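Residue numbers (this note's numbering), protein chains in the order written: chain D, 1 to 158; chain A, 159 to 920.
From the three backbone atoms N, C-alpha and C, an ideal C-beta is built for every residue, glycine too.
Only a predicted model underlies this, so the values are computations on that prediction, with no experimental measurement involved.
Heads up, the thing below is written out as structure tokens.
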């Protein structure tokens, strides 16, 4: 089936089987390998992407369902420089092997865009949908808390 | 004036993060080769049985299916996977064939490999393979493994493979004359490393060049290359294993699994590149499991609270085959039971039993996690019996600085003698008690506050690292003055590139930014041993120091030619060389890259050590435990990057908490693995354990390597199970709750509290 959607700001078209997941489509058809597959049953969150601004499990969504949508992957969140959230992750050593990291970045970005004043409890609650085996989460929470100020400024501007 | 770098000891932000944070890392699933086929593996759905037939004819008719490999395609003798560590000849009958060899022995054992144009077609083809298996009774427990007439290996005639014996002094005599002894039985559940990136390989055979390239190597690339080359009948030089970014290891990734042979062999067979990536359910039933220990152990003390002796028997359920490092955990259970304490008499055995479960191997802190649970529980029980404060009892028996180096128990049948190398165990213990504020917090012991019973516990641990034998480093000073470091050490996601660049910058006095670290390709250096046993920094870092000295000699020699002076008259000043008032930049100093290689040899272990303390609250109505405060204090000799070390310490503790409370690979009586997804294999989330603290120290540099570092990163996890069990016993002491089994699931804690309450009434 031929589908078309907006990916990281540009319109893309591709042909997929009906059973192709959005994650496989992004990775295999469109080369966006930052979207990682850790469990393929929606628990680990490593494949999280933004669909029309919402954090979505790309392994649980079919590619055909994204037809006409706006999809943003981790590659779309920064260009040459790290985004403030990504820089905060680096500063707080909120990643080790880096495999779960794109999912945490997209999830935290969606949360802070909507709720730049999210408190620690709210951040922990939302990020509890993503698994990390390396960090023990403590530095991830610190990084997200620290990045909130940039999102608050953005929201004020908007 | 010489530029003196001091990158070592600084919390340098990681160079790796620049790609990981933007989705630019290249993990094995991101590797693709032109014309590649996709492999999917048919696995046994039966735990124990004889294969009557495998009919692939229907599968072969599916459009897009190119090949289905079965045992016959591998020749007369199906290759078996040798042991990497403790390769004892008596364990050879238990080596795993890369495809089931007439018999299946666990659910998940590979039977055939489908190669197809897409992964979807390959998966569809699995349903079209007609498999006929005569089912045999499954052996799933210690009792069955010992008592049932059925055996996994008929020729061996017993499910007991070997027994490790750890010994020191005269334990029986010590027990005979001891004032106090106590014997208990413990169980530690089967759980696993469960790193986030599933395993995978991409293999390509170049028939014209006679060369095989495999992407997806991890941890022990050089060893695996030798095994693979031997099994395929190729020269070692004809095989190159390449490590791309690796999504976590924790002991289980990178061992030689059946797929390490099957995917390259399939590529050679098909004459096309082949790609395989496991899914999570496949990972759970195929990658190494760990722990799964039962133990009867007895402790002897004098009445004034001196530890005298340990003796007992442990049983390790190692699953269906003995895998590459499968002896490490069982051996460690026997050898390291004494931990950081002075026991002069030890007689401990661990018997390795085969069962119809997934084979096991190492997982972070192998054998140490288990022994700490057992030993620290025994210490608290003894303290209670002898009415000695548990903190004081530990203090009395920690190995003293003056006793170093302190020998651990000897072990047979494969000698792995080791001794605690250095450390001020008392200072670290006391610092932990002070920073934790034990004196104040311990007033909450057993108290009921807002429906929760509060409990505390403390435990000490040792963390072995850096068992040799050697590691290579090759430094190349490029013509433009940039430095490339090639290493035999591997990365499993721990920040190797940054740490090694820090060490290199200090050793060469070149700017950090000019240094590139490359690791994990078997073409880069002659030999390598990789990343296991917390050895990368110790071994690879020390090799860099040796190579840096050689590089300086090469630089002086090149500069002497340019200056027309004696080599000894050249001085190196950062990125410049100097002689008699004249200077030259390193860039352009030589027309060819200056290249040196060095090997660091080492036989001795490093022993980091520490103490941890916890304050918890138990809800007796649900069995749920809140961790209110958790502190780890560890001395690692010397710290390269406090940020990465701290990160590993915290992450390790939370893994330990997962093992203590949540993680459990459950089998039914037919040998079916009931935990097949993250919906039923529970791992800690961001909500579970928010209050973790870690302090890392540089009190006693390691005397056995030039950096003075000790392997670290596993330590955080090691004492967690014991500390949680002791804290629960403390919280529920009025009900005489005494946990002897992990995991401490809410149901188990609730049941123990109920049983205690009923007994209290009766």
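Exercise. Verify the CB distance criterion: does residue 86/D have a CB-CB separation below 8 Å to chain A?
Key: Taking 8 Å as the CB threshold, residue 86/D lines the interface with chain A.
| For residue 518/A, which of 163/A, 866/A, 823/A has the nearest alpha-carbon? | The shortest Cα separation from residue 518/A among 163/A, 866/A, 823/A belongs to 823/A.
Less than 8 Å between CB atoms is the rule here; does residue 279/A satisfy it with respect to chain D? Not an interface residue.
Residue 410/A, buried or exposed, once every other Cβ within 10 Å from all chains shown has been counted against 16:
Under this definition residue 410/A is a buried residue.
8 Å contact criterion, which residue 611/A and residue 284/A should meet: CB distance rounded:
The beta-carbon distance between residue 611/A and residue 284/A, rounded to whole angstroms, is 51 Å. This is too long to meet the 8 Å contact definition.
Looking only at DSSP bridge pairs, what is residue 453/A linked to? Paired residues: 344/A, 472/A.
Q. Using the beta-carbon of each residue, which ones in chain D are nearer than 7 Å to residue 652/A?
A. Neighbours of residue 652/A on chain D, chain order: 96.
Under 7 Å by beta carbon: chain D residues contacting residue 802/A: Using a Cβ-Cβ cut-off of 7 Å, residue 802/A is close to 93 of chain D, given in chain order.
Next on the checklist: Measuring only the C-alpha atoms, how far is residue 134/D from residue 366/A?
Outcome noted: Their Cα atoms are separated by approximately 42 Å.
Note to self: Any C-beta of chain A within less than 9 Å: which residues of the stretch 125-139 of chain D qualify?
What the structure shows: When C-beta distances to chain A are compared with 9 Å, the residues of the stretch 125-139 of chain D below that value are 125, 126, 127, 128, 129, 130, 131, 132, 133, 134, 135, 136, 137, 138, 139, in chain order.
| query | Which residues in the same chain as residue 665/A place their Cβ atom closer than 7 Å to its Cβ, once the five residues preceding and following it in sequence are excluded? | reply | Listed in chain order, the non-local C-beta contacts of residue 665/A below 7 Å within the same chain comprise 702, 703, 706, local neighbours out to five positions each way being set aside.
Secondary structure of residue 543/A, DSSP reduced to three states
Helix at residue 543/A.
- Query: Do the stretch 224-239 of chain A and the stretch 260-271 of chain A make contact, defined as three or more Cβ pairs closer than 8 Å?
  - Reply: Between the stretch 224-239 of chain A and the stretch 260-271 of chain A, the count of Cβ pairs shorter than 8 Å is three or higher; the stretches touch.
Completely contained alpha helix (DSSP H) runs for the stretch 54-116 of chain D, where each covers 4 or more residues: Within the stretch 54-116 of chain D, the complete alpha helix (DSSP H) runs of at least 4 residues are 84-91, 101-114.
#### Entry: Option in 848/A, 776/A, 190/A with minimal Cα separation from residue 431/A
Answer by Cα proximity: 190/A.
What does residue 105/D touch in chain A if you count any residue whose Cβ is under 7 Å from its own? Those are 179, listed as they occur along chain A.
| query | For residue 254/A, which residues of its own chain have a beta-carbon under 7 Å away from its beta-carbon, when the five flanking residues on both sides are left out? | reply | If we look at residue 254/A and ignore the five residues flanking it on each side, its Cβ neighbours are 238, 239, 416, 479, 481, 517.
Secondary structure at residue 407/A, three-state DSSP: helix, strand or coil? In this structure, residue 407/A counts as coil in the three-state DSSP scheme.
TODO: Pair every Cβ in the stretch 207-214 of chain A with every Cβ in the stretch 448-468 of chain A, then say whether three or more of these pairs are closer than 8 Å.
DONE: No: fewer than three Cβ pairs fall under 8 Å.
Could you compute how far the alpha carbon of residue 36/D sits from the alpha carbon of residue 607/A? Approximately 44 Å between the Cα atoms of the pair.
What separation, rounded to the nearest whole angstrom, lies between the Cα atoms of residue 912/A and residue 258/A? About 47 Å.
Q: For the alpha helix (DSSP H) containing residue 815/A, list its first residue and its last residue.
A: Residues 800-815.
_Rounding to the nearest angstrom, what Cα-Cα distance links residue 159/A and residue 863/A in this structure?_
Because residue 159/A sits at a pLDDT of 42, beneath the cut-off of 50, its placement in the model cannot be relied upon, and the point is left open.
Give the list of continuous beta strand (DSSP E) stretches no shorter than 3 residues that lie fully inside the stretch 633-673 of chain A. Within the stretch 633-673 of chain A, the complete beta strand (DSSP E) segments at least 3 residues long are 641-645, listed from N- to C-terminus.
*Using CA coordinates, which residue listed in 221/A, 905/A, 877/A, 690/A is at the minimum distance from residue 412/A?*
The alpha carbon of residue 412/A has as its nearest neighbour, out of 221/A, 905/A, 877/A, 690/A, the alpha carbon of 690/A.
So for residue 252/A, helix, strand or coil by DSSP? Three-state DSSP puts residue 252/A in a helix.
Review point. Between residue 50/D and chain A, is there a C-beta pair that is closer than 8 Å?
Key: Taking 8 Å as the CB threshold, residue 50/D stays off the interface with chain A.
- Message: On the DSSP letters alone, give me the boundaries of the alpha helix (DSSP H) that residue 443/A sits inside.
- Response: For residue 443/A, the uninterrupted alpha helix (DSSP H) segment begins and ends at 438-444.
Practice item. Return no unless some Cβ of chain A is closer than 8 Å to the Cβ of residue 26/D. Key: Not closer than 8 Å to any Cβ of chain A, the Cβ of residue 26/D fails to qualify, so no.
For residue 700/A, collect the residues of the same chain with a Cβ closer than 6 Å to its Cβ; drop the 5 residues on either side in sequence, then sort them by chain order.
-> Closer than 6 Å at Cβ, skipping near neighbours: 758, 863, 864, 865.
TODO: Evaluate residue 974/A with the Cβ neighbour count: other Cβ atoms within 10 Å of its Cβ, from every protein chain shown; 16 or more gives buried, anything less gives exposed.
DONE: The shown model of chain A, from 159 to 920, leaves out residue 974/A, and the question about it has no answer.
### Query
Quick one: which chain D residues come within Cβ less than 8 Å of residue 167/A?
Residues of chain D passing the Cβ test: none, with the nearest at roughly 15 Å.
query: Which chain A residues are close to residue 10/D, counting only those with a beta carbon under 8 Å from its beta carbon?
result: Contact of residue 10/D with chain A by beta-carbon distance below 8 Å is absent, the smallest such distance being about 16 Å.
Quick check: the Cα distance between residue 117/D and residue 147/D, rounded to an integer number of angstroms?
Spanning the two alpha carbons is a distance of roughly 10 Å.
Inspect the beta-carbon positions of residue 295/A and residue 280/A and report whether they are closer than 8 Å. 8 Å or more divides the Cβ of residue 295/A from the Cβ of residue 280/A.
My output table needs one value for residue 464/A: the three-state DSSP class, helix, strand or coil.
Coil at residue 464/A, not helix or strand.
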